[in-house]
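K.L.:
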Amino acid sequence: QPSVLAFLPFSHVYGLMIQGVCIRGGLLMAHEPDLSEEALAAALNSFRPTYLYAVPSVFEKIYKNFLRVAQQAGRGALFERAADTARDFALACERQRLGEGPGPGFDLRLQHALYERTVYRRLRAALGGRARRATSGGSTLNRELSLFYEGIGVYVHDGYGLTETCGGITMQPLGREKSGTVGRPLPGVDLRVADDGEILVRGPSVFQGYVNDEAATRAALYGGWLATGDLGRLDADGYLTITGRKKDIIVTTSGKSVAPAALEHRLRMHPLIHQAVVVGDNRPCVGALLTLDPVFLAHWRGVLMAQQDPSAREENALREEIARAVAAANSTVSRSESIRVFRVLSEPFDLANGLLTPSMKLRRDEIVRRYALEIDAMYQARSPGARRTPAEDLLSWDDSDDVFR
Numbered sequence: 524q525p526s527v528l529a530f531l532p533f534s535h536v537y538g539l540m541i542q543g544v545c546i547r548g549g550l551l552m553a554h555e556p557d558l559s560e561e562a563l564a565a566a567l568n569s570f571r572p573t574y575l576y577a578v579p580s581v582f583e584k585i586y587k588n589f590l591r592v593a594q595q596a597g598r599g600a601l602f603e604r605a606a607d608t609a610r611d612f613a614l615a616c617e618r619q620r621l622g623e624g625p626g627p628g629f630d631l632r633l634q635h636a637l638y639e640r641t642v643y644r645r646l647r648a649a650l651g652g653r654a655r656r657a658t659s660g661g662s663t664l665n666r667e668l669s670l671f672y673e674g675i676g677v678y679v680h681d682g683y684g685l686t687e688t689c690g691g692i693t694m695q696p697l698g699r700e701k702s703g704t705v706g707r708p709l710p711g712v713d714l715r716v717a718d719d720g721e722i723l724v725r726g727p728s729v730f731q732g733y734v735n736d737e738a739a740t741r742a743a744l745y746g747g748w749l750a751t752g753d754l755g756r757l758d759a760d761g762y763l764t765i766t767g768r769k770k771d772i773i774v775t776t777s778g779k780s781v782a783p784a785a786l787e788h789r790l791r792m793h794p795l796i797h798q799a800v801v802v803g804d805n806r807p808c809v810g811a812l813l814t815l816d817p818v819f820l821a822h823w824r825g826v827l828m829a830q831q832d833p834s835a836r837e838e839n840a841l842r843e844e845i846a847r848a849v850a851a852a853n854s855t856v857s858r859s860e861s862i863r864v865f866r867v868l869s870e871p872f873d874l875a876n877g878l879l880t881p882s883m884k885l886r887r888d889e890i891v892r893r894y895a896l897e898i899d900a901m902y903q904a905r906s907p908g909a910r911r912t913p914a915e916d917l918l919s920w921d922d923s924d925d926v927f928r
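If you want our numbering, it's the 1-based position in the sequence shown plus 523.
If you want it as structure tokens, here you go:
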């Protein structure tokens with residue numbers, strides 16, 4: 524029997540929508556609110572879903588668990604080669620279905636078949652062994668991660684919707700999926716991007732307004748269009764890519780506008796980094812607050828101790844590893860948009876401390892307020908002494924380093 528395993532709470536519009544689909548379609552459904560590694564593995568192995576529904580952080584965590592287990596077994600290099608092949612294979616398949624290329628060549632198909640026998644089927648078994656498709660909701664899924672899952676045989680759909688639109692308004696067209704996007708507008712939905720990059724939506728599913736809040740309703744609805752507050756772009760084929768939230772845009776003292784979402788996605792792809800919040804509003808450069816994945820950190824420490832190198836102090840080694848993660852994220856943006864300072868925090872952002880929403884989104888304003896002293900110290904530790912113009916100030920900052928204090 525088809526079965527769905529969901530991780531989003533039913534108070535979330537996407538979680539509620541999936542619940543309604545399962546009831547209407549007579550599908551077996553399970554819900555796992557605990558996103559710890561143990562609960563995640565137990566739910567997948569006991570329920571063995573045919574379809575997964577989760578937020579991007581769950582798919583990121585599953586990927587990191589795959590990598591950690593492979594490294595613990597001494598097969599980390601094998602896993603990384605298999606992951607690269609999976610992404611290459613999925614990319615070739617995507618080009619073929621979109622009419623942009625011939626598909627995987629003979630050598631790539633041969634490599635993929637080899638890893639299917641030795642790696643991919645074991646990864647799918649860790650997901651319960653039956654899942655072939657999944658949906659990511661709540662925020663956008665990293666393109667590289669989407670290609671990885673497709674390459675191992677589990678296609679992850681990434682759609683888009685809001686509470687104000689009663690759920691989904693875009694979806695990947697079956698057989699024409701494009702990773703890194705949230706698909707195309709559903710029938711009856713009009714969608715356009717304003718001059719400032721904000722996504723505007725019109726259609727029968729758009730709400731009538733906020734209860735007892737006419738001011739907020741007027742701000743959100745004008746001319747029949749809903750201003751979503753999200754930023755994005757439409758390509759020539761009508762696929763929508765989400766680039767961030769309008770209210771999250773950072774403007775440095777030099778006047779540079781930076782969308783933090785892309786940098787945060789890249790940072791979280793490093794197995795040691797659990798969460799990332801990019802800051803820098805009215806600051807001389809972009810910075811970041813980071814939390815570490817406790818499970819992978821314990822594994823990393825074990826590997827470091829096994830090397831038995833007395834000169835390799837943990838703090839120095841960790842500093843270098845985090846610096847590499849930041850450099851990898853910076854490689855995708857311009858110098859003025861790159862992270863120049865960062866600090867590793869001792870506690871994660873979670874529901875218990877009020878820094879995550881029930882749908883696992885960051886409460887950015889509260890994080891910046893609560894860690895104001897740490898942010899100030901992060902910038903003061905690297906602040907140049909001489910007084911300069913904003914442009915000169917930006918150029919005077921060195922490459923990023925960590926602040927573990």
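For each residue, glycine too, the CB sits at the ideal point set by N, CA and C.
Within the same chain, show all residues whose beta-carbon is closer than 8 Å to that of P913, passing over the 5 residues directly before and after it, in chain order.
P.N.:
Residue placement at P913 is poorly supported in this model, since its pLDDT is 47, which falls under 50; the coordinates still yield a value, given next. These residues qualify, in order along the chain: T775, T776, S777, G778 and P807.
K.L.:
Going by the DSSP bridge assignment, what does V781 pair with across the sheet?
P.N.:
V781 pairs with I773.
K.L.:
In whole angstroms, what separates the C-alpha of A648 from that of E603?
P.N.:
If I take the Cα positions, the gap works out to 18 Å.
K.L.:
For G599, which of helix, strand or coil comes out of DSSP?
P.N.:
In the structure shown, G599 sits in a helix (DSSP, three-state: H, G or I).
K.L.:
Taking all protein chains shown into account, do 16 or more other C-beta atoms lie within 10 angstroms of the C-beta of M694, making it buried, or fewer, making it exposed?
P.N.:
By the neighbour-count rule (16 or more Cβ atoms within 10 Å), M694 is buried.
K.L.:
Should A848 be labelled buried (16 or more other beta-carbon atoms within 10 Å of its own) or exposed?
P.N.:
Under this definition A848 is a buried residue.
K.L.:
What number of angstroms, rounded off, separates the C-alpha of R824 from the C-alpha of V592?
P.N.:
Roughly 15 Å separates the two Cα atoms.
K.L.:
My assumption, with CB atoms under 8 Å, is that P627 sits in contact with F612. Please give the rounded CB distance.
P.N.:
Between F612 and P627 the Cβ distance is about 5 Å, and since that is below 8 Å, they are a contact.
K.L.:
Taking the runs of the beta strand (DSSP E) that are 3 residues or longer, which of them lie wholly in the stretch 673–697?
P.N.:
Here the runs fully enclosed are 678–681, 683–685 and 690–694.
K.L.:
Does DSSP classify G755 as helix, strand or coil?
P.N.:
Residue state, collapsed to three classes: strand.
K.L.:
Where does M540 fall in DSSP's three states?
P.N.:
DSSP places M540 in helix when its eight states are reduced to three.
K.L.:
What is the DSSP secondary structure of A750, reduced to helix, strand or coil?
P.N.:
Here A750 sits in strand by DSSP.
K.L.:
Evaluate the contact criterion for the stretch 534–541 versus the stretch 653–663: three or more CB pairs, one atom per stretch, below 8 Å.
P.N.:
Yes, the stretch 534–541 touches the stretch 653–663.
K.L.:
Starting from F819 and walking both ways along the beta strand (DSSP E), at which residues does that stretch end?
P.N.:
Note, F819: premise wrong, no beta strand (DSSP E); alpha helix (DSSP H) at P817 to A829.
K.L.:
Where does N805 land, buried or exposed, given buried means 16+ other C-beta within 10 angstroms?
P.N.:
The residue is exposed, with fewer than 16 neighbouring Cβ atoms inside 10 Å.
K.L.:
Does the distance from the C-beta atom of P572 to that of G651 stay below 7 Å?
P.N.:
For P572 and G651, yes; Cβs fall inside 7 Å.
K.L.:
State the DSSP-derived secondary structure class of M552, mapped to helix, strand or coil.
P.N.:
In the structure shown, M552 sits in a strand (DSSP, three-state: E or B).
K.L.:
Between the stretch 851–862 and the stretch 879–892, can you find at least three pairs of beta-carbon atoms closer than 8 Å?
P.N.:
Touching, no.
K.L.:
Quick one: grab the DSSP three-state call for S569.
P.N.:
In the structure shown, S569 sits in a helix (DSSP, three-state: H, G or I).
K.L.:
What is the C-beta distance between V705 and D681, in whole angstroms, given that I count them as a contact (C-beta under 8 Å)?
P.N.:
At roughly 5 Å, the Cβ-Cβ gap stays under 8 Å, so V705 and D681 are in contact.
K.L.:
Over what stretch of residues does the beta strand (DSSP E) that includes H797 continue unbroken?
P.N.:
Segment I796 to V802, the beta strand (DSSP E) holding H797.
K.L.:
Just the Cα atoms here: how many angstroms apart are C616 and E721?
P.N.:
Going by the C-alpha atoms only, they are around 31 Å apart.
K.L.:
For S702 and L670, which I take to be in contact (beta-carbon distance under 8 Å), what is that distance rounded to the nearest angstrom?
P.N.:
Right, the Cβ-Cβ distance comes to about 5 Å (below 8 Å), so this counts as a contact.
K.L.:
Look up L529 in the DSSP assignment and say whether it is helix, strand or coil.
P.N.:
Contrary to the premise, residue 529 reads as Ala rather than Leu in this sequence. DSSP places A529 in strand when its eight states are reduced to three.
K.L.:
Taking CB distances under 7 Å as the criterion, tell me whether C616 reaches chain B.
P.N.:
No chain B appears in this structure, which consists of one protein chain only.
K.L.:
My assumption, with CB atoms under 8 Å, is that L601 sits in contact with V642. Please give the rounded CB distance.
P.N.:
L601 to V642, Cβ: 7 Å. Contact.
K.L.:
At what residue ranges does the stretch 836–873 contain a whole run of the beta strand (DSSP E), taking only runs of 3 or more?
P.N.:
Counting only runs of 3 or more, we get 862–867.
K.L.:
Hey, quick one: how far does the alpha helix (DSSP H) through T740 stretch, first residue to last?
P.N.:
Start and end: E737 to A743.
K.L.:
Here's the rule I'm using: 16 or more other beta-carbon atoms within 10 Å means buried, otherwise exposed. How should K770 be labelled?
P.N.:
Exposed, by the Cβ-count rule.
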